[in-house]
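Q: The number in the numbering used here is simply the position in the sequence shown, starting from 1, with 71 added.
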Amino acid sequence: MRTELVSAPGQPDRPNEDFASIGLPASGQGGALVALDGVTPPRSATGCLHSVPWYTARLGGALTEMIISLTDVPLTGILARAIARTAAAHADTCDLSHPRTPQATVVLARWSPEAVAYLVLSDSALLLRAPDGTVTPVLDDRIARLPRASLATDAVVDATVRNKEGGFFTAAADPSVAARAVTGSVPRAQVGALAALTDGATRWVEKFREGDWADCLALVRKEGPGALVDRVRTLENADVDRRFLGRSKTHDDATVVYVEF
Numbered sequence: 072m073r074t075e076l077v078s079a080p081g082q083p084d085r086p087n088e089d090f091a092s093i094g095l096p097a098s099g100q101g102g103a104l105v106a107l108d109g110v111t112p113p114r115s116a117t118g119c120l121h122s123v124p125w126y127t128a129r130l131g132g133a134l135t136e137m138i139i140s141l142t143d144v145p146l147t148g149i150l151a152r153a154i155a156r157t158a159a160a161h162a163d164t165c166d167l168s169h170p171r172t173p174q175a176t177v178v179l180a181r182w183s184p185e186a187v188a189y190l191v192l193s194d195s196a197l198l199l200r201a202p203d204g205t206v207t208p209v210l211d212d213r214i215a216r217l218p219r220a221s222l223a224t225d226a227v228v229d230a231t232v233r234n235k236e237g238g239f240f241t242a243a244a245d246p247s248v249a250a251r252a253v254t255g256s257v258p259r260a261q262v263g264a265l266a267a268l269t270d271g272a273t274r275w276v277e278k279f280r281e282g283d284w285a286d287c288l289a290l291v292r293k294e295g296p297g298a299l300v301d302r303v304r305t306l307e308n309a310d311v312d313r314r315f316l317g318r319s320k321t322h323d324d325a326t327v328v329y330v331e332f
C-alpha cells in the first residue's frame, strides 16, 4: 500500500486550518483517512474563544480515533460522535449557536477487504480510481448550486444559507449535520486508489480548469500530492488579473491525501 499526505498553509505567517490523517490498524486489514478544511472566520466575533485550528485539531483527532477503533459504527455515526465530543470540549465557554462558531468541511474514507465507505460534507472532494483507470468524484455540490446573490457577503451567507435548509452544511457544533453528508460504499475490488482534497487543492480543476478529475488524480498518482499543490501555487501567482480567482483569497490552505492499494 502507498500512502502520501501533503498539507500546505495558504500563507506562511498564518496557521494551517486544514487537518489530515491516515490510519492503518495493526491488524493490517483496512484503514481510513480524514481530511478537514477549517472555515476561515470573518473579522467579526464568532462567539468562540478558540481558533479554527484548535477546532480542526480536536475534531480531526476525534475522527481519527473513532474511524479506526469503532469499525462497527457507520461514518455518519462517527462524524456525529466526533462533533458532539468536540462541542462538549468548549460548550461551557463559547456560544456554539453562533453561525460562525468554528467549523470545517469533512472527507472520510474507511476501507476493509470487502468495501470502501465514504462521507463528504461541503466543498472538499474525494476521488475514487477504479482498477481500469476510471475516476469517480464524490462531491457535495450544494454551495456550487446556490444563487450567487446568496453568497454575496458573509452576513448574507450566515443569515440565509450556512447550515440551513436549502443552503449548505458544515461540521460545526450540531451532531445532526452528519446526516446531511454525501455518503456511500463501493466494493473494495472496484477501488485501486483514492484521494481526498480540500478546496485549496481542487482549484486545479474547479477554478483554473487545468484538467478534469481523472487528470488531477493521474497527476497525484504520478508525481505525488506535493506536485499538485505546487502547480496550484504557480497558477495562483500567475493570476495577477484575478481572471480565475475572482474574489477568492489568492492562496488557500491546500491538503491532499493519497492512498493506493
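We put the CB at the ideal spot given by N, CA and C, even for glycine.
1) Would you check if the distance between the CB atom of Thr117 and the CB atom of His169 is smaller than 8 Å?
2) Measuring straight from C-alpha to C-alpha, what distance separates Ser98 and Trp182?
3) Within 10 angstroms of its Cβ, does Glu236 collect 16 or more other Cβ (buried), or is it exposed?
4) Inspect the beta-carbon positions of Val248 and Phe239 and report whether they are closer than 8 Å.
5) Using 10 angstroms around the beta-carbon of Pro296, count the other beta-carbons present and answer buried if the total reaches 16, otherwise exposed.
6) Reducing DSSP to helix, strand and coil, say where Thr326 ends up.
7) With a 10 Å radius around its C-beta and 16 neighbouring C-beta atoms as the bar for buried, classify Arg292 as buried or exposed.
8) With DSSP collapsed to three states, give me the class of Gly94.
9) Could you tell me the alpha carbon to alpha carbon distance between Gly101 and Ala223, rounded to whole angstroms?
10) What residue does the alpha helix (DSSP H) around Asp84 start on, and which one ends it?
11) Which of the three DSSP states, helix, strand or coil, is assigned to Val311?
12) For the beta strand (DSSP E) that contains Gly102, what are its first and last residues?
13) Relative to the alpha-carbon of Ala267, which residue among Asp194, Cys165, Arg280 and Asp212 has its alpha-carbon at the smallest distance?
14) In whole angstroms, give me the CA-to-CA distance for Thr347 and Glu136.
15) Any contact of the segment 244-260 with the segment 295-310, i.e. 3+ C-beta pairs under 8 Å?
16) Based on Cα-Cα distance, which residue from Pro86, Gly109, Pro80 and Leu134 lies nearest to Ile93?
17) Measuring CA to CA, which of Leu120, Ala289 and Glu331 is closest to His367?
18) Could you tell me if Asn308 is buried or exposed, where buried requires 16 or more neighbouring beta carbons within 10 angstroms of its beta carbon?
19) Going by the beta-carbon positions, is the gap between Glu75 and Thr111 smaller than 8 Å?
20) First and last residue of the beta strand (DSSP E) that includes Thr142?
21) In angstroms with no decimal places, state the Cα-to-Cα distance between Ser221 and Arg233.
22) Do Ala103 and Ala180 count as a contact pair if the criterion is CB distance below 8 Å?
A: On the basis of the data shown:
1) yes
2) 13 Å
3) exposed
4) no
5) buried
6) strand
7) buried
8) strand
9) 43 Å
10) Taken as a continuous stretch (DSSP letters only), Asp84 belongs to no alpha helix (DSSP H), as it is neither H nor E.
11) coil
12) Gly102 to Gly109
13) Asp194
14) The requested residue 347 is not part of the displayed model; the chain covers only 72 to 332.
15) no
16) Leu134
17) Because the chain spans 72 through 332 in this model, residue 367 falls outside it and cannot be assessed.
18) exposed
19) no
20) Run containing Thr142: none; DSSP gives neither H nor E here.
21) 10 Å
22) yes
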